[in-house]
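Everything on this sheet refers to the single structure shown next.
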Amino acid sequence: MDIGRAFTFTFQDSQWIKKVAIGGLLVLIPIIGWLFVSGYWLRLVRQVVENEDVPLPEWNDFGGDLVRGLKFIVVAFVWSIPAAIVSLMASFSGNGNDLSSTNLGLQCLITILSLGAAFVQPLFATRVALTEDIGAGLQFGAIFNEIRPVATSLLIVLLMSIVIALLAMVGVVLCIIGVIFTVFFAYVVQAHLYGQVRRQLQGDPTAAIRPLA
135 MDIGRAFTFT
145 FQDSQWIKKV
155 AIGGLLVLIP
165 IIGWLFVSGY
175 WLRLVRQVVE
185 NEDVPLPEWN
195 DFGGDLVRGL
205 KFIVVAFVWS
215 IPAAIVSLMA
225 SFSGNGNDLS
235 STNLGLQCLI
245 TILSLGAAFV
255 QPLFATRVAL
265 TEDIGAGLQF
275 GAIFNEIRPV
285 ATSLLIVLLM
295 SIVIALLAMV
305 GVVLCIIGVI
315 FTVFFAYVVQ
325 AHLYGQVRRQ
335 LQGDPTAAIR
345 PLA
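Heads up, the sequence shown is in this note's numbering, so the first residue is 135 and it goes up one at a time.
In structure tokens, the structure reads:
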């Protein structure tokens, strides 16, 4: 994993300020803005997989980004269902202050399931990015089979995602100007890390994209 590259490649684009600013402004728009950003993020992931991370994609396909963003949200939602179900079980087992062994066990299970979904997210996200197909992100057996070859990289990306989330929070603390930069920039860094995982899985980082199983 080239973590340094993930944090620095953005600045090699001569128009990075404009592109990051547009993404940051869209992040501030509820729902529709996030869908646009998600679709753009998928385009960037694919670009990294293809070993062409610079320059950043242009903001010139809002219709396509909207569709891509919706597809990813559907896939991510399905992967979050197990944690959501256990969360509902926990809510019915007692109030939020309930410290019973059952409730604590359910809370631990929620954490494990949430982390598990985050752990494999680079796999199902890159599948959606490459195919623009919801089904590709829900091929559970094929995705679980992909874990072992890149398990270490997935763990690194998970830990880095926590760091990136903290970085984004710095933007919140710095108010609007900080949000415009750090939240979207955090997504850009994450996209590069996800693309690196898929390149490792394909074996040759410069090879053409193979059809997914």
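For each residue, glycine too, the CB sits at the ideal point set by N, CA and C.
Anyone know if the C-beta pair for residue 238 and residue 220 falls short of 8 Å? Between residue 238 and residue 220, the gap from beta carbon to beta carbon reaches 8 Å or more.
Report the three-state DSSP secondary structure of residue 280 (helix, strand or coil). helix
Assuming contact is defined by CB atoms lying nearer than 8 Å, are residue 330 and residue 154 in contact in what I supplied? no
Over what stretch of residues does the alpha helix (DSSP H) that includes residue 170 continue unbroken? 166–183
Using three-state DSSP, classify residue 134 as helix, strand or coil. The structure shown does not extend to residue 134, since the chain is modelled only from 135 to 347, so the question has no answer here.
Can you give me the C-alpha to C-alpha distance between residue 201 and residue 173, rounded to a whole angstrom? 7 Å
Opening and closing residue of the alpha helix (DSSP H) in which residue 188 lies: Segment: none, residue 188 is in no alpha helix (DSSP H) and carries neither H nor E.
Check the C-beta distance from residue 209 over to residue 271 and give it rounded, since I have them as a contact under 8 Å. 4 Å
For residue 284 and residue 225, I'd like the C-alpha separation in whole angstroms. Their Cα atoms are separated by approximately 35 Å.
Using 8 Å as the Cβ pair cut-off and three pairs as the minimum, do the segment 161–168 and the segment 250–265 touch? no
On the DSSP letters alone, give me the boundaries of the alpha helix (DSSP H) that residue 138 sits inside. 137–142 is the extent of the alpha helix (DSSP H) around residue 138.
Sort 146, 175, 337 by Cα distance to residue 322 and report the nearest one. 175
Which residues bound the alpha helix (DSSP H) around residue 155? 150–161
Between 261, 171, 266, which lies nearest to residue 276 when the distance is taken from Cα to Cα? 261
In its own chain, which residues sit with a C-beta less than 6 Å from the C-beta of residue 243, not counting the 5 before and 5 after it? For residue 243, same chain residues with a beta-carbon under 6 Å away, outside a window of 5 residues either side, are 220 in chain order.
Residues of its chain near residue 325, where Cβ-Cβ distance is below 6 Å and the 5 sequence neighbours each way are ignored: 175, 178, 179
Buried versus exposed call for residue 144 [16 or more other C-beta atoms within 10 Å across all chains shown]: buried
Residue 171 and residue 315 - do their beta-carbons sit closer together than 8 Å? At a Cβ-Cβ threshold of 8 Å, residue 315 and residue 171 do not count as neighbours.
Return the residue from the list 320, 160, 292 that minimises the CA-CA distance to residue 301. 320
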